[in-house]
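Residue numbers (my numbering): 12 to 167. The beta-carbon is built from N, C-alpha and C at its ideal position, and this holds for glycine as well. Worksheet for the structure shown next.
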């Protein structure tokens, strides 16, 4: 089974709003943190900065601590991969305008159909699907309880 290494950014502004990306994989539609696969020879930080610029338009992000891990299998294989092993990093930033560097067509090729700012309350009160499924709870624990001593597993 081929599992892709990936990184994700928990982008938080001073009011603990977060940026989420809307992914449409056909049978599964989900809001998730920005990020994606790590290319050969690329560090987590390099991959995360590239993904943040491409998907949400955040340049020169200050990548913070590694706080979560998550491994999951895809319902349908994506390219050569049947699953993904994700490392989540906190990225603190001021609020900025979401202007992805990729064109709408390029984003669609990456299954991205939208990006927006969310509050934790909005996530917890929404009927939308999120990844991880308990994203609101995990974000609240992170923003209220502080950074974990080591990365915690946030499930499938």
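Kindly give me the distance between the Cβ atoms of residue i and residue j, rounded to whole angstroms, as I take these residues to be in contact under 8 Å.
i: residue 48; j: residue 16; result: 7 Å
i: residue 55; j: residue 18; result: 5 Å
i: residue 155; j: residue 83; result: Not quite, the Cβ-Cβ distance comes to about 26 Å (not below 8 Å), so this is no contact.
Could you have a look at residue i and say whether DSSP puts it in helix, strand or coil?
i: residue 71; result: coil
i: residue 143; result: coil
i: residue 155; result: helix
What do you reckon, are the CB atoms on residue i and residue j nearer than 8 Å?
i: residue 103; j: residue 23; result: yes
i: residue 96; j: residue 14; result: yes
i: residue 112; j: residue 68; result: yes
i: residue 165; j: residue 106; result: no
i: residue 109; j: residue 21; result: no
i: residue 131; j: residue 141; result: no
Any contact between the stretch 27–37 and the stretch 115–134? By contact I mean 3 or more CB pairs, one from each, below 8 Å. yes
Does the contact criterion of 3 or more C-beta pairs under 8 Å hold for the stretch 141–150 versus the stretch 39–58? yes
Fully enclosed by the stretch 17–56, which beta strand (DSSP E) runs are 3 residues long or longer? 29–35, 40–43 and 46–48
If we count Cβ pairs, one from each stretch, closer than 8 Å, do we get three or more for the stretch 95–110 versus the stretch 71–85? yes
To test your reading of the DSSP string, which unbroken beta strand (DSSP E) runs of 3 or more residues are found completely within the stretch 57–132? 74–89, 92–103 and 123–129
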